[in-house]
Amino acid sequence: MAARSLTSLSISCPPHLSPSRQILLPGACLLKRRATGLVTAMASTITKVVPAVIVGGGRVGRALQDMGSGGDVLVKRGDPIPADFEGPILVCTRNDDLESVLEATPRSRWSDLVFFQNGMLDPWFESKGLGGADQVLAYFAVSKLGEPPTDGKTDTNPEGLTAAYGKWASAVAGRLLAGGLSCKVLDKEVFKKQMLEKLIWICAFMLVGARHPGATVGAVEREYRSEVSILIAELASAAAAENDLVFEDAMEDRLCAYSRAVAHFPTAVKEFKWRNGWFYSLSEKAIALGKPDPCPIHTAWLKELNIV
671 MAARSLTSLS
681 ISCPPHLSPS
691 RQILLPGACL
701 LKRRATGLVT
711 AMASTITKVV
721 PAVIVGGGRV
731 GRALQDMGSG
741 GDVLVKRGDP
751 IPADFEGPIL
761 VCTRNDDLES
771 VLEATPRSRW
781 SDLVFFQNGM
791 LDPWFESKGL
801 GGADQVLAYF
811 AVSKLGEPPT
821 DGKTDTNPEG
831 LTAAYGKWAS
841 AVAGRLLAGG
851 LSCKVLDKEV
861 FKKQMLEKLI
871 WICAFMLVGA
881 RHPGATVGAV
891 EREYRSEVSI
901 LIAELASAAA
911 AENDLVFEDA
921 MEDRLCAYSR
931 AVAHFPTAVK
941 EFKWRNGWFY
951 SLSEKAIALG
961 KPDPCPIHTA
971 WLKELNIV
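Next comes the structure, spelled out in structure tokens:
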């Protein structure tokens, strides 16, 4: 297929997703059909990246700016967001800074916000009237400021795991592809499942690692697999029940494969409110209603570490 200035690219989907769930992305690419049946972008020639306001000058924010075409506006945390700049607003701050970012954003621009944060953001979105907000699951790592990002491709998902949802999802995917990274554009239902999977990964691997001081993500996967397996199953069951959904099979395999890809990552329970705190809130709610704790092992290990 010859590359053209404007065309459509069907983003690769995991094997368990039907072709109808593949979303079209603006951009010109050369495509190659691999033996697995997935379509991957090869030697892509992306059209000009959509200019964006980028909030946060840390590693991710700077990396996203480097992927642009020179028309981006970088805004430091706490600075006002331009009201007259058309395009996405890529929010790359810590979760606890989201309140100040929203306050600095004109209400007329709220629908242009794109959130790159990890964790469970849905309750905060709902409290601010931001239901259906654009989100990105960033499965890429930037080790140092100014260094190129490393894509989070795994042996179970060689097409890549990074995903985007919402109004500006295709623009974000185009930017990431221009930077040599993979990105799927997903509908809300599929995106939510993947968001919850990443939340389960963070909560399970960080908590198990915290029980074994000095353990990296890779050590948890290799040496404490039985512990993390039990916790993944427990958290997945609770998340599925709370959201009335069914996860795809082999979640543990996918999460452990990602852990092997980022084996050097340290472990620690951080941003409790946005991560493990969501599962603990499910436990508190159930107990208050006289029901069994849906996450008893999770609760016990949090108490063991004096986190709750």
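Following this note's numbering, the residues of the sequence shown are numbered contiguously, the last one being 978.
All C-beta atoms in this analysis are idealised placements derived from N, C-alpha and C, irrespective of residue type, glycine included.
7 Å Cβ cutoff met for residue i and residue j
{"i": "R892", "j": "G789", "result": "no"}
{"i": "C853", "j": "T820", "result": "no"}
{"i": "M876", "j": "T937", "result": "yes"}
{"i": "V887", "j": "F935", "result": "yes"}
{"i": "A722", "j": "D749", "result": "no"}
{"i": "A880", "j": "L905", "result": "no"}
{"i": "T826", "j": "R924", "result": "yes"}
{"i": "Y928", "j": "T775", "result": "no"}
Same chain, Cβ closer than 8 Å to residue i, neighbours up to 5 away in sequence not counted
{"i": "R691", "result": "Bear in mind that the predicted position of R691 carries a pLDDT of just 38, short of 50, making it too unreliable to give a figure here."}
{"i": "R895", "result": "C926"}
Sheet register partners of residue i (DSSP bridge)
{"i": "D821", "result": "F810"}
{"i": "F785", "result": "V761 and Q805"}
{"i": "V745", "result": "V725"}
{"i": "A833", "result": "L807 and K854"}
{"i": "T886", "result": "P936"}
Same chain, Cβ closer than 6 Å to residue i, neighbours up to 5 away in sequence not counted
{"i": "G731", "result": "I724 and C762"}
{"i": "K973", "result": "none"}
{"i": "G757", "result": "V720, P721 and A722"}
{"i": "M737", "result": "R845, A848 and G849"}
Distance, residue j Cα to residue i Cα
{"i": "N976", "j": "K940", "result": "13 Å"}
{"i": "G980", "j": "K863", "result": "A query on residue 980 cannot be resolved here, the shown segment of the chain reaching from 671 to 978 and no further."}
{"i": "E773", "j": "P793", "result": "17 Å"}
{"i": "S714", "j": "L847", "result": "Note that S714 has pLDDT 41, beneath the 50 cutoff, so the model's placement of it is unreliable and the number below is only indicative. For S714 and L847, the distance between alpha carbons rounds to 8 Å."}
{"i": "I902", "j": "I870", "result": "6 Å"}
{"i": "P962", "j": "L744", "result": "48 Å"}
{"i": "H882", "j": "S840", "result": "41 Å"}
{"i": "W838", "j": "L734", "result": "14 Å"}
{"i": "Q787", "j": "I872", "result": "12 Å"}
{"i": "A843", "j": "A834", "result": "7 Å"}
{"i": "A908", "j": "G822", "result": "26 Å"}
{"i": "E796", "j": "K718", "result": "34 Å"}
{"i": "A910", "j": "E918", "result": "11 Å"}
{"i": "A958", "j": "D766", "result": "27 Å"}
{"i": "R845", "j": "K746", "result": "20 Å"}
{"i": "A970", "j": "M921", "result": "23 Å"}
{"i": "I716", "j": "K798", "result": "Bear in mind that the predicted position of I716 carries a pLDDT of just 47, short of 50, making it unreliable; the figure below should be weighed with that in mind. Going by the C-alpha atoms only, they are around 35 Å apart."}
Chain D within 7 Å of residue i, Cβ atoms only
{"i": "R930", "result": "The chain inventory of the structure shown lacks chain D, comprising one protein chain alone."}
Neighbourhood of residue i by C-beta distance below 7 Å, restricted to the same chain and skipping five residues each side
{"i": "V978", "result": "Y950 and L972"}
{"i": "R779", "result": "I751, A753 and I759"}
Review point. Within the chosen definition, does the stretch 726–742 reach the stretch 801–820 through at least 3 CB pairs nearer than 8 Å?
Key: yes
Practice item. Please determine if the stretch 793–804 and the stretch 773–783 are in contact, where contact requires at least 3 C-beta pairs separated by less than 8 Å. Key: yes
Review point. With a cut-off of 8 Å, do at least 3 Cβ pairs link the stretch 945–955 to the stretch 964–971?
Key: yes
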